[in-house]
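The structure appears right after this line, and notes come after that.
In my numbering, the protein residues as written are 593 to 1222.
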């Protein structure tokens, strides 16, 4: 635990309560133990209490890995505090291990002195041998450096539910709710929301709902009455961390979904999603399918290529068109993205990045696709690329992607990743008048006069400011025009193989992307440092946390973070030129660093990690300190 304040002894017979500034809890168990649900419910109650928070769900790619094995361990980490925080935390203060596999898989992350709550019922000889324990870690002294709480969670749950007409196996399934009740008591979390959730989730099975609520209450009561837990803890609401407003807890994929809906409303266009399910992007398809009342149409295609083909057709028809995928799907969609470049139609390509290559690590995170987004098409096919930096920022990034696509008539790549998609944090719900105006003017009639005085429609006659071509809705009288992937003639859009025309069109498409208006990059540099740490995407939280640690320790370091990766902000070159050293941490082998070196001739130092997990703040702080001292 951190920042412990003096205990409040309270009344006689009442357990004392200690105040903490922050805590990191990790729930871990089998894939079938409900750890993601447990963590999600604890997070929801923490958000309603008013703490700042950040989460890290971590689960296997297999639908159901073998029970009791290390590959089958699923975990959920939550960091919550009475102040502004940025990451799900480096190491848990509390580990809840539902079986030996969960203990062994996670113990290496747990610092000495931390609390470990174990379900002793699962520590059978066979279960321990399955993960390589020759002797019980609960008895051989290997956990002496921790505050160990052995709790027979399964037995206590079954006993609490003995009045229900359930088999033992059915009763055992509620042990995650018992654990949730115990942790809710330990940290004074509200309970009403969880009970309401369980009633709703099992509305068609009231007996199951009642059993889960009973197990949840039993866990709470166990904490209150057992002598093994002598103290409970309070973490006050983060009253100074948030501007005034209405907040809710939100994951990156949910924020992206809401951002897309908001963009379609602000543009007054129907939203069309053509998609094929793929981890970790599928949640966007699931969520958008629930919002037909906002004019959203979702199409689950037979494959990735069909998904983007349908979306591009919807763009031709006048919709705000979206396709969602991950890295392997982007590879399959690349030809159609090139077609969208040629047709110059607005299309949002949402890439929730994961570990690669090929199928790679479906449930793990990586910033693997930046170079694919930039160059992963045949020919000269430039595409704007933007990246959100936090789960809540995915909402604003969706609006920005829509702005660029609609204004400049181009496909846009949005690069989120598994860490942002599944993680969550508080989000201030914006007021409607805070949202940008994305209204689009479709072509209505002729836009060009020929030498003989006749008026015609030229589908590739460009706006002099944006270089965008007109967007003509099929069926509009007089606006018929050719589409397809063969090179177009400037202005008329007719097929052209003329060398000079192709050169002109290639350069014009590039100039359109280069000319996109993006905000200048802001630099956080209060002490005029000599070293700049530059990041993009989901590294924002760990980088910022590391920078804060270094500054607290007296170091001088500057920080900047890129949202727009193509085109770069216009002041980026000047910013880079102000620093003696530039460090770029990435969850890849240096893709942004490659672009920065090539474009600005800056000897940027690349710090890389590709283990499927986000950076830890302490790890980054150490690397940045070494860079400062080098």
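Idealized CB from N, CA, C, for every residue including glycine.
If you're wondering where the values come from, they're calculated on a predicted model, not measured in any experiment.
Residues bridged to residue i by DSSP?
i, result
"residue 739", "707"
"residue 1197", "1175"
"residue 1019", "840"
"residue 668", "619 and 649"
"residue 720", "Partner(s): none; residue 720 has no beta bridge."
"residue 1152", "1115 and 1126"
"residue 1008", "944"
"residue 827", "612"
"residue 865", "890 and 914"
"residue 700", "DSSP output for residue 700 lists no bridge partner at all."
"residue 644", "673"
Report, in whole angstroms, the separation of the C-beta atoms of residue i and residue j, which I expect to be a contact under 8 angstroms.
i, j, result
"residue 1179", "residue 1202", "6 angstroms"
"residue 999", "residue 1058", "6 angstroms"
"residue 753", "residue 673", "With a Cβ gap of about 35 angstroms, residue 753 and residue 673 do not count as contacting."
"residue 975", "residue 933", "6 angstroms"
"residue 786", "residue 610", "Wrong, their Cβ atoms sit about 23 angstroms apart, outside the cutoff."
"residue 624", "residue 719", "Their Cβ separation, rounded to whole angstroms, is 14 angstroms, which puts residue 624 and residue 719 out of contact at 8 angstroms."
"residue 1209", "residue 679", "6 angstroms"
Near residue i, what residues of its chain come up, given a Cβ to Cβ distance below 6 angstroms and the 5 sequence neighbours on each side ignored?
i, result
"residue 889", "864"
"residue 1011", "957, 1130 and 1206"
"residue 972", "1098"
"residue 851", "987, 990 and 991"
"residue 708", "687, 738 and 740"
"residue 948", "919 and 960"
"residue 935", "1075"
"residue 697", "662 and 665"
"residue 1038", "1047, 1048 and 1049"
"residue 724", "none"
"residue 685", "593, 615, 616 and 706"
"residue 756", "803"
Please identify the residue among the options whose C-alpha is closest to the C-alpha of residue i.
i, options, result
"residue 913", "938, 929, 892 and 925", "938"
"residue 642", "1062, 1009 and 841", "841"
"residue 1106", "1060, 964 and 1069", "1060"
"residue 950", "941, 960 and 1189", "960"
"residue 901", "930, 919 and 887", "930"
"residue 613", "1115, 905, 833 and 981", "833"
"residue 953", "870, 788, 617 and 1021", "870"
"residue 1102", "781, 1003 and 919", "1003"
"residue 693", "1020, 664, 944 and 1095", "664"
"residue 909", "1095, 1156 and 1064", "1064"
"residue 812", "1015, 781 and 744", "781"
"residue 776", "816, 761 and 896", "816"
"residue 650", "671, 627, 1136 and 639", "627"
"residue 1188", "946, 618, 1159 and 1023", "1159"
"residue 1054", "1088, 652 and 1100", "1100"
"residue 860", "911, 897 and 1083", "911"
Give every residue of the same chain whose Cβ lies closer than 7 angstroms to the Cβ of residue i, excluding the five residues on either side of it in the sequence, and list them in chain order.
i, result
"residue 1028", "858, 991 and 995"
"residue 814", "748 and 774"
"residue 1219", "1123, 1173, 1175 and 1197"
"residue 854", "991 and 1027"
"residue 1161", "1110, 1111, 1112 and 1113"
"residue 1132", "981, 982 and 1153"
Ordered along the chain, which non-local residues of its own chain (more than five positions away) have a Cβ less than 8 angstroms from that of residue i?
i, result
"residue 746", "711, 713, 714, 764 and 767"
"residue 1042", "1048"
"residue 1149", "1121, 1123, 1124, 1125, 1139, 1142, 1143, 1216 and 1220"
"residue 770", "745, 748, 749, 752, 807, 808, 810, 811 and 814"
Mind checking residue i: buried by the 16 CB within 10 Å criterion, or exposed?
i, result
"residue 604", "Bear in mind that a pLDDT of 44 at residue 604, under 50, signals an unreliable position, so the model cannot answer this."
"residue 717", "exposed"
"residue 1144", "exposed"
"residue 1034", "exposed"
"residue 656", "exposed"
"residue 636", "buried"
"residue 967", "exposed"
"residue 1307", "There is no way to answer for residue 1307, as the model of the chain reaches only from 593 to 1222."
"residue 600", "At residue 600, the pLDDT of 42 sits below 50, so the modelled position is not reliable and the matter cannot be decided from this model."
"residue 1112", "exposed"
"residue 1040", "exposed"
"residue 759", "exposed"
"residue 823", "exposed"
"residue 872", "buried"
"residue 1014", "buried"
"residue 970", "exposed"
"residue 856", "buried"
"residue 1119", "exposed"
"residue 750", "buried"
"residue 598", "With a pLDDT of 35 at residue 598, under the threshold of 50, the modelled position of this residue cannot be trusted, and the question is left open."
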